[in-house]
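Working notes, structure below.
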Amino acid sequence: MNPQIRRLFFVLVTLFVAVIGMSTWWLWKAPDLEARRGNPTLLVKQLTIERGRIFAADGKTVFARNRKVKQKSLGRTWFLRVYPQRRLVAHPVGYSTIERSRTGLEKSLNDFLTGSNANLDTVLDNALDKLKGLTQKGNDVVTTINARAQRVAMDALGGKCGAAVALEPSTGRVLVLASQPSFDPNLVEGHFNQILRTKAACGSASPLLDRATQGRFIPGSTFKVVTAAAALDTGRFTPSSRFDDPGYCIEYGKRVSNFADQSGPEVFGNVSFTQAMEHSINAVFCNIGKKLGPTVVLDYAQRFGFYEEPPIELPSEEVAPSGLYRRNRLYLPRDPNQVDPGRLAFGQERLLATPLQMALVAAGIGNDGIVMQPTLVDRIVAPDGKVIERSNPKEWKEAIKPRTAAELTAMMRAVVESGTGTAAQISGVPVAGKTGTAETGVSGRNDTWFIAFAPADRPRVAVAVALSGQSGTGGATAAPIAKAIIEALLKRNP
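Now the structure itself:
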């Protein structure tokens, strides 16, 4: 072959490959490029879609809907998002705006809400609408959130910085997902600075932070139920095991005292394991932690879901995993000597947990040791009323044996009946719970908790409440909030 022809052939082949490569790259990157904030083509396209509505579990209370705006100059109708409940469900529902993109379910379920999902019925309906020149309509989303209980939770949290989560133990349905301070999603478009000026008693208000799923609190004594689960499930201890409590345990040559509101630590003397849970005795759990070792305790924490993002239908960046943290990063030590087993056992050390995770712990104990996958979505409904997707209960973790769960339930009932959690008592309803008061390193400022499930003999509700910057105990600050939520969900008048 002539050398010049050969060179020309290779040049043409190279150019052809380059064109194919660039075309492939543009096709591959097209969705990302289109989705960039500020893309005018995409913005106009989004505004012309009638997004699906978002409802509470009753299918009537509207969390998100559209407002029609006539654009006379363009001869089009635009659809802008409106949030009638304002701050009530701002975090789980999120927002969809022109200026600041999306969050919450508005983001994670965007394909369904815009009718862009791959469901065959939706694809055919949208194709027909386009042929007819009709507006593309999205699918409606019915959540699992109980609007009444959500309002009770938000009101009870009030001006505090904290969160509350309530689940149905047998299904994983999220009944309450409340975080305070909250914000009005109607202000995101055009009035965002008003949200940023939110003030709170805890210092940094961070109203956009969903403290229920992203907030990392020191779990304190609520983590004792995980330590107890490990102690009972391994057969190392029983509810009747005896301990001598001098008011402290020795960790690395130093005394670790029991927590008390009084001038000095409480001393309980000879107690059973059940009594240690009932009165939340740090010294007993400290010694149990040392006997079990941190590896066993952390293994059982993982069985309940620690060290993973709970698989809930929210954007990944809005769900934080729980566990030990070092330099603000999740930390699972390979060397047990790198962890203080005593402090770990009663929920201190470098342990951080979200209210969602601790609600899953309570729900797992109430559900015979099985932790169900949490779900915020009940069903997705097409514009013609046909249900195109419905959530079904799914097991997530097999944490402990049913017998262990039953033993833990009895121990947690003692906490509410005669221990640190009496503020959560409900007449005629047995409640199993656990208080938590975690030292934060700032004098007089604690992370306070209460986790529970009820009725204890046939659980229908599991709840976790966490508050930051509190001077009181979990029994005094968080337990009454949990009680109010349980009463609302069991349809009882306080």
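Numbering (the working numbering), first residue to last: 52 to 545.
All C-beta atoms in this analysis are idealised placements derived from N, C-alpha and C, irrespective of residue type, glycine included.
**Message:** So, for G525: in the same chain, excluding its five sequence neighbours on each side, which residues have a beta-carbon less than 6 Å away from its beta-carbon?
**Reply:** Within the sequence shown, numbered from 1, the residue matching residue 525 stands at position 474. Within the same chain, G525 has close Cβ partners T486, G487, T488, T499, W500 and F501.
**Nearest-angstrom beta carbon gap, V467 and A457 [assumed within contact, 8 Å]** = As a working note, residue 457 is residue 406 in the sequence shown. As a working note, residue 467 is residue 416 in the sequence shown. With a Cβ gap of about 16 Å, A457 and V467 do not count as contacting.
**One or two residues paired with R118 in a DSSP bridge** = If you number the sequence shown from 1, residue 118 lands on position 67. Per DSSP, L131.
**Message:** Using 8 Å as the threshold, is the C-beta distance between T148 and R138 below it?
**Reply:** Against the sequence shown, residue 148 aligns to sequence position 97. Against the sequence shown, residue 138 aligns to sequence position 87. Their beta carbons are not under 8 Å apart, which means T148 does not touch R138 by this criterion.
**Euclidean distance between Cα positions of Q201 and G304** = Your numbering for residue 201 matches position 150 in the sequence shown. Your numbering for residue 304 matches position 253 in the sequence shown. Roughly 47 Å separates the two Cα atoms.
**Item:** Buried versus exposed, by CB contacts within 10 Å (16 or more), P497
**Value:** For the purposes of this step, residue 497 is taken as residue 446 along the sequence shown, with counting starting at 1. With the sequence shown as reference, residue 497 is identified as Asn, and Pro is not the correct amino acid for it. That one is buried.
**Prompt:** Cα-Cα, which of G166, I416, L228 and P345 is closest to S221?
**Reply:** Here the question's residue 221 lines up with position 170 in the sequence shown. Nearest C-alpha to S221: I416.
**Request:** Check the DSSP bridge columns for Y376 and list the partner residues they point to.
**Result:** As a working note, residue 376 is residue 325 in the sequence shown. According to DSSP, which records beta bridges pairwise, Y376 is partnered with L381.
**Residue span of the alpha helix (DSSP H) that contains L156, given as start and end** = Taking the first residue of the sequence shown as position 1, residue 156 is located at position 105. First-last of the alpha helix (DSSP H) with L156: G155 to S159.
**Request:** Measure the C-alpha to C-alpha separation of A535 and H142 and round it to an integer number of angstroms.
**Result:** Here the question's residue 535 lines up with position 484 in the sequence shown. Here the question's residue 142 lines up with position 91 in the sequence shown. Rounded to the nearest angstrom, the two C-alpha atoms are 21 Å apart.
**Request:** May I ask you to list the residues that DSSP assigns as paired with I502?
**Result:** Counting from one through the sequence shown, the residue named residue 502 turns up at place 451. K485 and A515.
**Request:** Answer yes if the stretch 317 to 333 comes into contact with the stretch 345 to 357, meaning at least three C-beta pairs across the two stretches below 8 Å, and no otherwise.
**Result:** no
**Inside the stretch 375 to 463 only - beta strand (DSSP E) runs reaching at least 3 residues** = 421 to 423, 428 to 432, 438 to 441 and 446 to 449
**Backbone secondary structure at N197 - three-state DSSP** = As a working mapping, residue 197 is identified with position 146 in the sequence shown. In this structure, N197 counts as coil in the three-state DSSP scheme.
**Validate contact between the stretch 281 to 290 and the stretch 254 to 263 using beta carbons, cut 8 Å, 3 pairs** = no
**Asked** Taking the beta strand (DSSP E) that R306 falls in, what are its first and last residues?
**Response** Within the sequence shown, residue 306 is the residue found at index 255, counting from 1. Start and end: K305 to S308.
**Item:** Same chain, Cβ closer than 6 Å to S522, five either side skipped, listed in chain order
**Value:** Taking the first residue of the sequence shown as 1, we reach residue 522 at position 471. Same-chain partners within the cutoff: G495.
**Request:** Rounded to whole angstroms, what's the CA-CA distance from P236 to A115? Just pull it up for me.
**Result:** As a working note, residue 236 is residue 185 in the sequence shown. As a working note, residue 115 is residue 64 in the sequence shown. Those two C-alpha atoms are separated by around 10 Å.
**Message:** My output table needs one value for A214: the three-state DSSP class, helix, strand or coil.
**Reply:** If you number the sequence shown from 1, residue 214 lands on position 163. It is a strand residue.
**Request:** With DSSP as the reference, label K250 as helix, strand or coil.
**Result:** Translated into the one-based positions of the sequence shown, residue 250 becomes position 199. Three-state DSSP puts K250 in coil, outside helix and strand.
**Prompt:** Thinking C-alpha only, which one of K342, Y146 and P361 is nearest F288?
**Reply:** Counted from its first residue, the sequence shown places residue 288 at position 237. With distances taken between Cα atoms, F288 lies closest to K342.
**Request:** Assuming S230 contacts A217 (C-beta within less than 8 Å), just tell me the rounded distance between them.
**Result:** Within the sequence shown, the letter at position 179 stands for residue 230. Within the sequence shown, the letter at position 166 stands for residue 217. Actually they do not touch by this definition, with Cβ atoms about 13 Å apart.
**Item:** Three-state class that DSSP yields for Y299 in the structure shown
**Value:** For the purposes of this step, residue 299 is taken as residue 248 along the sequence shown, with counting starting at 1. Three-state DSSP puts Y299 in a strand.
**Message:** Is it buried or exposed, T346, if we count other Cβ atoms within 10 angstroms and call 16 or more buried?
**Reply:** The residue you call residue 346 lines up with position 295 of the sequence shown. Exposed, by the Cβ-count rule.
**Message:** As an exercise, report each continuous beta strand (DSSP E) stretch of at least 3 residues that is fully enclosed by the stretch 228 to 276, in chain order.
**Reply:** none
**Item:** Cβ-Cβ separation, F319 to L411 (assumed contact under 8 Å), whole Å
**Value:** Here the question's residue 411 lines up with position 360 in the sequence shown. Here the question's residue 319 lines up with position 268 in the sequence shown. That pair is no contact at about 30 Å.
**Item:** the stretch 399 to 407 / the stretch 185 to 196 touching (three or more Cβ pairs under 8 Å)
**Value:** no
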